[in-house]
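There are 2 protein chains.
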Amino acid sequence: MGITEIIAAEALLQLRGIGKQSPPETPTFQETEDPEISARPSTATVDESSSSMTMEEEGPTMSRKRSRSCTSESSDQSSSDEFLHALEPSGNNVIRIGDGNANVPVEIYTSIKWDSYTMATRNLLSAVFPRHILATHSLSGKRSPAFPGKAAKEKLDPKLVHDIVKTVVEKCGVPENIVR
Amino acid sequence: MGITEIIAAEALLQLRGIGKQSPPETPTFQETEDPEISARPSTATVDESSSSMTMEEEGPTMSRKRSRSCTSESSDQSSSDEFLHALEPSGNNVIRIGDGNANVPVEIYTSIKWDSYTMATRNLLSAVFPRHILATHSLSGKRSPAFPGKAAKEKLDPKLVHDIVKTVVEKCGVPENIVR
DNA sequence: GTTCCAATTGGAT
DNA sequence: GATCCAATTGGAA
């Protein structure tokens, strides 16, 4: 968790329980409605039945060379650890991580440095989710408690997230609650 | 770090770099001055020369039995791991943790469960800092970037924090960046 | 009744 | 320019 939140929690307990001699702020009514945010489809609680992952306009404007491929039924699981740093995209060879729901191109998978679980997690997220999905989704699909006025983002596919977490836990040797 | 912040960082990059088609909120000017908070001594940037730790009105209204003692020059470092769960406060025997700046009563130190680094950190924080210090201080002394209108809390003594972090790292076997 | 979770933010590194 | 840091919040576990 980290010292920061621990201190914050202690501070909350202190202020709530004992004195409340200084209400930190008057609410000041900062409920900006933001109708343009709620104009999105807002599919409410996304169950695990949404694995369609519509990828409209995947803009190639980024300098990242990431060449993803969403053809899922490739069965190359043997994760050959041989050297491949070739520039040409090696077709659509993917390996399945975790329980087998998330597919990662071998070109990306073999380039991941497992000594940094943050970078490994980040690279896996970028590999299985398009950028605009990461930008518009969150882990839990819940709103930030610190910003009740902001609309909640949709929830990332829990099974894909689980596969990523499981992979990082196994390869990096860190507990799951740290990865999340 | 955790998936949450990683996703948030990706989302920020996405919104900042490409579109900015939806400015998330108008600033709405939430600068409530809070003069009663700034009425505290506000020693500004607390350097490592402030180890006085004024403890006015330590209210005994909490149910915690924590009996701290700020007499510092006790030299009992041998940390006897014998069983002591006695109710009576065993004088002011303390052990020095980390580099020796932070003192923790042996009664508390021996009761810490090191299998949970969050609880260990929390217990050590509560042992070396009074509650009202934890409530009014933060790790870095900086303001929350998410809440620019709130006044920054003072900074906890870096040497005492370092001792706590070092102890947790050694006893719990977790890296330092995780503890912080 | 604590403790944990994670969403959001801007500055720091 | 990408990544890390930590401050704050309310509900969940």
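For the protein sequence lines, the chains are A and B, in the order given.
In terms of this note's numbering, the first sequence opens at residue 1443 and continues consecutively.
In terms of this note's numbering, the second sequence opens at residue 1443 and continues consecutively.
Cβ coordinates follow ideal geometry from the N, Cα and C atoms, glycine included.
In this text the structure is predicted, and so the values were computed from the model without any measurement.
Between A:I1448 and B:L1454, what straight-line distance do the alpha-carbon atoms span, to the nearest angstrom?
26 angstroms
**Prompt:** Roughly how many angstroms lie between the CA atoms of B:A1544 and A:Y1551, to the nearest whole one?
**Reply:** Distance between the alpha carbons of B:A1544 and A:Y1551 is about 45 angstroms.
Exposed or buried, what is B:P1590 when buried is set at 16 or more other beta-carbons lying within 10 Å of its beta-carbon? exposed
Q | Amino acids of chain A, ordered along the chain, whose beta-carbon sits closer than 8 angstroms to that of B:H1574 | A | Q1456
Using beta-carbon positions only, say whether B:K1601 and B:A1562 come within less than 9 angstroms of one another.
no
Next item on the list: Output yes if chain B places a C-beta closer than 9 angstroms to the C-beta of A:I1606; else output no.
Entry: yes
| said: Can you confirm whether A:T1609, when its beta carbon is compared against all beta carbons of chain B, has any partner nearer than 9 angstroms? | reply: no
Next item on the list: With 9 angstroms as the threshold, decide whether the Cβ of B:R1585 is near any Cβ in chain A.
Entry: no
request  = Have a look at the DSSP bridge pairing and note the partners of B:A1544.
outcome  = B:I1539
Please say whether B:K1597 and B:H1579 have beta carbons closer to each other than 9 angstroms? yes
- Task: Please list the partners that B:L1581 has in chain A, where partner means a Cβ-to-Cβ separation under 7 angstroms.
- Result: I1445, T1446 and I1449
task: Could you tell me whether the Cβ of B:I1550 comes closer than 9 angstroms to any Cβ of chain A?
output: No, its Cβ sits nowhere closer than 9 angstroms to a Cβ of chain A.
Cβ atoms of A:I1539 and A:D1605: under 9 angstroms apart, would you say? yes
Exercise. Ends of the alpha helix (DSSP H) at B:I1554?
Worked result: No alpha helix (DSSP H) contains B:I1554, which DSSP labels as neither H nor E.
Q. In or out: B:E1452 buried (at least 16 other Cβ within 10 Å) or exposed?
A. buried
* Classify A:E1500 as buried or exposed, calling it buried when 16 or more other Cβ atoms lie within 10 Å of its own Cβ. => Note on A:E1500: pLDDT 42, under 50, position unreliable in the model; the coordinate value appears next. Taking a 10 Å sphere around the C-beta of A:E1500, we find fewer than 16 other C-beta atoms and assign the residue as exposed.
According to DSSP, is B:S1649 helix, strand or coil? Lying outside 1443 to 1622, the shown extent of chain B, residue 1649 of chain B is not represented and no answer is given.
Next item on the list: Under 8 angstroms between beta-carbons, which chain A residues line up against B:A1544? List them in chain order, please.
Entry: Neighbours of B:A1544 on chain A: none; closest Cβ ~13 angstroms, over 8 angstroms.
With distance defined between alpha-carbon atoms, name the residue in A:L1567, A:A1594 and A:N1534 nearest to A:V1603. A:L1567
Should B:V1603 be flagged as near chain A, meaning a C-beta pair shorter than 9 angstroms? Yes - at least one Cβ of chain A is within 9 angstroms of the one on B:V1603.
Residue span of the alpha helix (DSSP H) that contains B:L1602, given as start and end: Segment P1600 to C1614, the alpha helix (DSSP H) holding B:L1602.
* Could you spell out the range, first to last residue, of the alpha helix (DSSP H) harbouring B:R1585? => No alpha helix (DSSP H) holds B:R1585; DSSP gives it neither H nor E.
Discussion item. I need the straight-line Cα distance from A:P1572 to B:G1542, nearest angstrom please.
Written reply: 50 angstroms
List, in chain order, every chain B residue whose beta-carbon is nearer than 8 angstroms to that of A:V1621. G1444 and I1445
Next item on the list: Can you tell me the Cβ-Cβ gap for A:Q1456 and B:A1577, rounded? I've got them flagged as a contact below 8 angstroms.
Entry: 4 angstroms
Self-check item: Pick from B:Y1559, B:W1556, B:S1586 and B:P1547 that is closest to B:A1569, judged by C-alpha positions
Solution: B:P1547
### Query
Nearest chain B C-beta to A:E1452 closer than 9 angstroms, yes or no?
yes
So what does B:K1597 bridge to, in DSSP terms?
B:S1580
Name the chain A residues whose beta carbon is nearer than 7 angstroms to that of B:A1577? E1452, A1453, Q1456 and L1457
Check your understanding: For the ligand PLP, any of its heavy atoms closer than 8 angstroms to the Cβ of B:V1607?
Key -> With respect to the ligand PLP, the structure shown offers nothing to examine, as it has no ligands at all.
Worksheet item: Where does B:S1492 land, buried or exposed, given buried means 16+ other C-beta within 10 angstroms?
Response: Because B:S1492 sits at a pLDDT of 41, beneath the cut-off of 50, its placement in the model cannot be relied upon, and the point is left open.
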